[in-house]
Amino acid sequence: MPDAAFNPLIHAPHRLRICAMLSQADGVEFGEILERIGLTKSALSKQIGQLADAGYVTEEAIVRDRRSRQLLSLTPSGREAYAAHKAALQQLIEAPDRAPSTMDA
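Written out as structure tokens, the structure reads:
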């Protein structure tokens with residue numbers, strides 16, 4: 005299991021969903037992500053751009069069915085950052101509640 009590390013860049017809801025999708029495959033087409041997440045093309049491009057700028061996502065132009073498509077993949081550092089973020093979230097979920105209850109007073 006990777007060391008837990010909360011990552012604010014990945015934590016944003018749309019970027020978290022993008023990383024979750026990309027973590028399950030070697031590559032996912034932009035159009036498939038667009039369809040599943042329901043953002044506009046420009047909004048999705050902005051989210052992917054932020055992940056790419058951090059070195060977490062790579063973009064590759066491919067041709068399929070005689071059409072140019074964009075294939076997105078997590079980089080090794082992106083996979084590591086996503087796994088560490090998931091571990092941090094899991095620790096948060098599984099941690100006992102540290103706040104005193106009103107019954108403890």
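Start counting the sequence shown at 5; every next residue gets the next number (our numbering). For every residue, glycine included, the Cβ atom is placed at its ideal position computed from N, Cα and C.
Rounded C-alpha distance that separates Arg70 from Arg21 = 29 Å
message = With three or more beta-carbon pairs closer than 8 Å as the criterion, would you say the stretch 31-42 touches the stretch 83-94?
response = no
query = From this set, Ala92, Ile41, Cys23, Gln95, which residue's C-alpha is nearest Ala58's C-alpha?
reply = Cys23
message = Which residue marks the beginning of the alpha helix (DSSP H) containing Gln74, and which one marks its end?
response = It is not in any alpha helix (DSSP H) - Gln74 instead sits in the beta strand (DSSP E) that spans 71-78.
inquiry  = Is the beta carbon of Ala92 closer than 8 Å to that of Ala16?
reply    = no
inquiry  = Ser81 and Tyr60 - do their beta-carbons sit closer together than 8 Å?
reply    = yes
query = Is DSSP giving Ala65 helix, strand or coil here?
reply = strand
task = Identify every residue that forms a DSSP beta bridge with Glu33.
result = Leu75
request  = With a 10 Å radius around its C-beta and 16 neighbouring C-beta atoms as the bar for buried, classify Ile52 as buried or exposed.
outcome  = buried
Reference Leu78, options Gln95, Ala56, Glu98, Ser72, closest by Cα = Ala56
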